[in-house]
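Asker: Residue numbers (numbering that gives the first Met the number 0), protein chains in the order written: chain V, 0 to 136; chain D, 0 to 256. Ideal placement from N, C-alpha and C gives every residue a C-beta, glycine not left out. Handing you this structure, nothing more for now.
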Amino acid sequence: METKQLFQLRPIDWRWFIVSYCFLVLFHLAPSFLIGGSKNSFQELVSFLLWIGIGTPIICAIIAWWSRGITILEPGLAAALYAFTLLGIVKPYLIFGSGYRSVAEQVVLLLSMFVAGCLGAAFGEWIQMRKEKKQVA
Amino acid sequence: MFPKTDSPEFAPNFLWQIILLTVIVLALVLFSDKLFKSDLSSMAVETPRIVLFPWVIAGGHTIENGLLAFSGKPADVVNGKDQVRALAALIVVLVLLPTIFFLRWRRWKLAAEPSIHATSWSLSRVFYSLCGALVIYISVASLPMAVFGDVIHNRLREAQAVQSSRDEIINELNFMGFDLFQYYILPKEAGGGNHCFDGYALPDSASKTAEATYVVTPNGQTVGIHAESIRYPFSWVEVKVDSLGRLGSWTYGGKFI
């Protein structure tokens with residue numbers, strides 16, 4: 000029954016969308032910046048993809064776990080917006096090629112980040128459900 | 000309207016505070032180049048102005064000193080500003096952040112309701128979480144850095160040792176070239192080859208050294224020398240010596256490539 004609730008249609012909670020985006024900036028971008036000390040540390044494609052591909056779903060999972068109730072779409076959308084912000088900060092012309100191919104690659108990246116964020120958040124919700132079940136038991 | 004947030008999940012004004020904080024962080028990252036413009040623009044290795052890893056600052060200085068030494072200049076003394084930066088980073092990373100994180104964690108564990116959803120989100124909670132995140136990131140990053148640093152260090156040493164062995168063999172081959180030329184120009188009565196390399200044999204002391212074993216193959220007006228490394232099996236150097244004692248057609252095998 001609870002598993003079905005995950006996929007119920009409901010309006011997006013914009014407050015959690017904003018908070019998710021802020022958390023991604025604060026818990027992913029800010030620590031990376033403070034540790035690495037430079038926004039230019041991730042200009043190589045592989046390191047950039049590893050950095051956001053691993054870090055963002057983890058943060059989304061934590062956000063979903065921290066939030067009350069079910070929060071899956073909000074971190075997913077925030078992850079896509081966050082990836083868009085990062086593309087602006089980390090100078091995408093150094094990562095991607097130029098022209099239409101570059102635009103297509105960046106669109107694919109944003110969609111992938113949305114999916115990765117949703118998957119991460121779903122994992123976080125699953126952990127939350129398990130914990131709640133344990134507490135009830 | 001929103002059952003998830005109608006309950007006090009967020010403290011009053013939390014949204015505005017966190018948005019403001021995010022904007023500040025984004026501005027800091029975006030304009031960090033202009034805000035913290037390095038005063039050491041002449042340096043080949045520019046260390047970032049804000050960095051919580053003191054070893055990044057130290058690494059930058061080590062590389063810089065290496066480059067200075069390479070260009071024949073004396074090593075640069077670390078200035079007071081960078082010393083303070085490194086010390087501040089050490090205090091923040093190893094003392095302040097773990098202390099705040101663990102004290103908060105202890106308080107949370109001792110609370111009557113140690114549920115993550117029991118309290119509403121406030122800026123202080125974000126701050127404590129950020130301290131925790133930084134402690135975790137730094138701990139997680141330190142281990143691979145230490146392991147890979149050691150691996151890279153060993154590989155570098157190994158590469159240097161292979162290079163030194165190869166240089167030593169090349170040096171010995173050069174001496175053999177002199178000896179061969181001497182043999183070539185001397186008449187037979189003086190123990191030479193009379194403008195021919197045939198009959199040349201390496202002295203016992205030269206045919207096997209600490210670095211390699213040498214095999215000489217005279218062929219009229221040229222000689223081929225094959226040096227098989229003792230320290231690195233299956234690694235070798237081959238060279239040809241002509242009638243003027245010049246060494247050419249160098250070929251390398253194994254680790255010497």
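(1) Would you mind sorting residue 5(D) into buried or exposed? The rule is 16 or more other CB atoms within 10 Å of its CB.
(2) Per DSSP, what kind of secondary structure is residue 9(D) in: helix, strand or coil?
(3) For residue 136(V), count neighbouring C-beta atoms within 10 Å of its own C-beta (all shown protein chains included) and say buried if the count is 16 or more, exposed if not.
(4) Please list the segments of the alpha helix (DSSP H) lying wholly inside the region 46-102 of chain V, counting only runs of 4 or more residues, in order along the chain.
(5) Can you tell me whether residue 223(D) is helix, strand or coil according to DSSP?
(6) Are residue 123(V) and residue 21(V) touching if we call contact CB-CB under 8 Å?
(7) Could you tell me the distance, in whole angstroms, from the CA atom of residue 45(V) to the CA atom of residue 52(V)?
(8) How do the region 56-63 of chain D and the region 75-85 of chain D stand: do at least 3 beta-carbon pairs fall below 8 Å, yes or no?
(9) Just mark residue 50(V) as buried or exposed, buried being the case when its beta carbon has 16 or more other beta carbons within 10 Å.
(10) Using the beta-carbon count (16 or more within 10 Å), is residue 123(D) buried or exposed?
(11) What residues of chain V sit near residue 17(D), judged by a beta carbon separation below 7 Å?
(12) Go ahead and label residue 27(V) buried or exposed: buried means 16 or more other beta carbons lie within 10 angstroms of its beta carbon, across all protein chains shown.
(13) According to DSSP, is residue 77(D) part of a helix, a strand, or is it coil?
(14) Alpha carbon to alpha carbon, what distance is there between residue 201(D) and residue 208(D)?
(15) Just to check my reading of the structure: residue 74(V) and residue 136(D) have Cβ atoms closer than 8 Å, yes? What is that Cβ distance to the nearest angstrom?
(16) Which one or two residues does DSSP pair with residue 207(D) in a beta bridge?
(17) Which residues in chain V sit within 8 Å of residue 8(D), going by Cβ to Cβ distance?
(18) Between the Cα of residue 32(D) and the Cα atoms of 88(V), 84(V) and 127(V), which residue gives the shortest distance?
(19) For the 8 Å Cβ check, are there 3 or more pairs between the region 165-176 of chain D and the region 235-254 of chain D?
Answerer: Concretely, from the data shown:
(1) A caution first: residue 5(D) carries a pLDDT of 48, below 50, which makes its placement in the model unreliable, though a value can still be read off. Exposed, since its Cβ has fewer than 16 Cβ neighbours within 10 Å.
(2) In this structure, DSSP gives residue 9(D) an extended state, which the three-state scheme calls strand.
(3) The residue in question, residue 136(V), is exposed, as its Cβ has fewer than 16 Cβ neighbours within 10 Å.
(4) Within the region 46-102 of chain V, the complete alpha helix (DSSP H) runs of at least 4 residues are 72-88 and 91-94.
(5) Per DSSP, reduced to three states, the secondary structure at residue 223(D) is strand.
(6) Their beta carbons are not under 8 Å apart, which means residue 123(V) does not touch residue 21(V) by this criterion.
(7) Residue 45(V) and residue 52(V): Cα-Cα distance of roughly 10 Å.
(8) Output reads yes: the region 75-85 of chain D touches the region 56-63 of chain D.
(9) Buried: at least 16 other Cβ atoms inside 10 Å.
(10) Burial call: exposed.
(11) Neighbours of residue 17(D) on chain V, chain order: 18 and 21.
(12) Burial check for residue 27(V): the Cβ neighbour count within 10 Å reaches 16 or more, so the residue is buried.
(13) DSSP places residue 77(D) outside both helix and strand once states are collapsed to three, so it counts as coil.
(14) Here the C-alpha atom of residue 208(D) lies approximately 12 Å from the C-alpha atom of residue 201(D).
(15) Their Cβ separation, rounded to whole angstroms, is 19 Å, which puts residue 74(V) and residue 136(D) out of contact at 8 Å.
(16) BP columns for residue 207(D) point to 212(D).
(17) 66 and 67, listed in chain order.
(18) Residue 32(D) has its Cα closest to that of 88(V), out of 88(V), 84(V) and 127(V).
(19) By the Cβ criterion, the region 165-176 of chain D is in contact with the region 235-254 of chain D, since at least three pairs of Cβ atoms, one from each stretch, lie closer than 8 Å.
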